[in-house]
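So for the sequence shown, my numbering puts the first residue at 546; every next one is plus one.
We put the CB at the ideal spot given by N, CA and C, even for glycine.
Inspection log for the structure reproduced underneath, given as structure tokens.
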Amino acid sequence: MRLLDIFCGAGGASKGYEMAGFDVTGIDVKSGKRYPYKYIRKDFNALTVQDLQEYDVIHASPPCQTFSITKNLRIAQNRKTDKKDLLDVTRQLLIDSGKPYILENVPGAPLRNPIQLCGSFFNLKVRRHRLFESNMPLKGSICSHKQQGRPVGIYGSLNDKIPGGGQTAETIEVARDAMGINWMIWTELVEAIPPMYTEFIGKQVMTHINR
């Protein structure tokens with residue numbers, strides 16, 4: 546079963562879907578040199594419904610910086626982002642395709658009846674809450690924050706002091722271990738989805754479609 550990962554980045558979500566049994570292809574505007582599967586370099590604005598027709602399932606993770614709570618850290622450190630809000634236009638493309646789809650973003654994003662996943666549910670060292678909207682029935686996770694303890698921060702800069710106390714991961718090795726990803730550099734980890742999330746979702750999608 547073929548799955549297309551739009552805004553695939555360095556392949557965190559793609560890895561999880563591959564673990565769930567999908568043949569994965571990624572699309573993004575970057576070079577994709579560390580992306581581990583078939584890769585198409587293409588600007589989202591040039592993507593059409595016809596481009597989606599050869600795939601069985603579509604996943605999309607449009608830029609989330611508009612909604613992310615980490616924008617407060619960027620503001621505190623006088624840093625800006627050039628990312629655009631592409632959520633609504635991405636959703637419409639997925640709906641128009643007529644395909645089963647998953648649309649991912651951060652808490653605070655205006656997704657429709659989303660489920661939430663948390664790293665503590667998967668025994669990861671990140672919390673990294675993420676929302677998933679779909680036209681298929683999906684179940685979310687239960688948070689286990691107390692059992693997890695203090696999570697590893699993977700946002701901003703490596704070994705970054707956070708206003709109000711704390712810091713992000715001290716080394717790239719710590720960050721990779723916390724995310725369950727062993728091939729990405731820091732800037733890719735910051736934007737990635739832990740593969741365990743999409744493996745969890747991918748198995749549900751497989752079951753739904755096979756029924």
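Taking 8 Å as the cut-off, the beta carbon of residue 548 is found no closer than this to the beta carbon of residue 597. Rounded to whole angstroms, the separation of the alpha carbons of residue 694 and residue 557 is 24 Å. Taking 3 residues as the shortest admissible run, the stretch 643-681 contains the following complete beta strand (DSSP E) segments, listed from N- to C-terminal end: 646-650, 660-662 and 675-679. By the neighbour-count criterion, in which 16 or more other beta carbons inside 10 Å mark a residue as buried, residue 634 falls on the exposed side. With respect to residue 580, residue 609 sits apart: the two C-beta atoms are not nearer than 8 Å.
A contact between stretches requires three or more CB pairs, one per stretch, nearer than 8 Å, and the stretch 674-687 fails this requirement with the stretch 709-725. Secondary structure note for residue 747: its alpha helix (DSSP H) is the uninterrupted segment 740-755.
In the DSSP assignment, residue 605 falls within the unbroken beta strand (DSSP E) covering 602-605. For the 8 Å CB-CB criterion, residue 681 and residue 604 do not form a contact.
Exposure of residue 566 is indicated by the presence of fewer than 16 other C-beta atoms within 10 angstroms of its C-beta. In the structure shown, residue 700 adopts coil according to DSSP, grouped into three states.
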